[in-house]
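In this text, residue positions in the sequence shown follow the numbering used here: the first is 28, and each later residue adds one.
We treat Cβ as the ideally placed atom computed from N, Cα and C, and that holds for glycine.
Bear in mind that the values here come from a model prediction, so they are computed numbers and not experimental data.
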Amino acid sequence: MALYEHVFLARQDLAQAQVDALAEAATKIVEDNQGKVVKTETWGLRSLAYRIAKNRKAHYVMLEIDAPAGVVAELERQTQINEDVIRYMTVKVDAHEQGPSVMMRKGADRERGRGRRERDDAGSNTGFGGE
28 MALYEHVFLA
38 RQDLAQAQVD
48 ALAEAATKIV
58 EDNQGKVVKT
68 ETWGLRSLAY
78 RIAKNRKAHY
88 VMLEIDAPAG
98 VVAELERQTQ
108 INEDVIRYMT
118 VKVDAHEQGP
128 SVMMRKGADR
138 ERGRGRRERD
148 DAGSNTGFGG
158 E
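Spelled out as structure tokens, the structure:
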């Protein structure tokens, strides 16, 4: 079986529970067709680079899938029909990434960096301004 990453963008006006239901529906489609969802990540509500169907933001969800090609075709067909999904993309990969994806690490790196800057600002003397 081949490895895929399937990312979809759901409308901004959906509740988180509805987005989770969309991810569960996609998982059910894959599993009903002898595939397996290895990992599901919800990246949250994020701003879009440009408006899509009157949406300025979207809920991002990624599924890592281990399934035959026919399963992906069915998943994309069902996703295309769903009016709550505004965009989707499926990519075939050589191997799934271990641990959290780059999008999930990005927030953790930002938090770690913020703590470091606060410590540096509190204890540093830059020498500017007649000190």
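Since V98 contacts G62 with CB under 8 Å, what's their CB separation in whole angstroms? Within the sequence shown, residue 98 is the residue found at index 71, counting from 1. Within the sequence shown, residue 62 is the residue found at index 35, counting from 1. About 4 Å separates the two Cβ atoms, so the contact holds.
For V112, count neighbouring C-beta atoms within 10 Å of its own C-beta (all shown protein chains included) and say buried if the count is 16 or more, exposed if not. The count along the sequence shown starts at 1 and reaches residue 112 at position 85. With 16 or more Cβ atoms within 10 Å of its Cβ, V112 is classed as buried.
Separation of L36 from L75, as counted between CA atoms: Counting from 1 along the sequence shown, the entry for residue 75 is found at position 48. Counting from 1 along the sequence shown, the entry for residue 36 is found at position 9. Cα to Cα, the separation comes out at about 10 Å.
Judging by CA-CA distance, which residue of H123, S128 and H86 is the nearest neighbour of D47? What you label residue 47 is simply residue 20 of the sequence shown in a count that begins at 1. When only C-alpha atoms are compared, the closest one is H86.
Hey, how far is the Cα of A53 from the Cα of R78? Counting from 1 along the sequence shown, the entry for residue 53 is found at position 26. Counting from 1 along the sequence shown, the entry for residue 78 is found at position 51. Computed Cα separation, rounded: 25 Å.
Rounded separation between H123 and T67 - CA only: Working through the sequence shown from its first residue, we reach residue 123 at position 96. Working through the sequence shown from its first residue, we reach residue 67 at position 40. Going by the C-alpha atoms only, they are around 12 Å apart.
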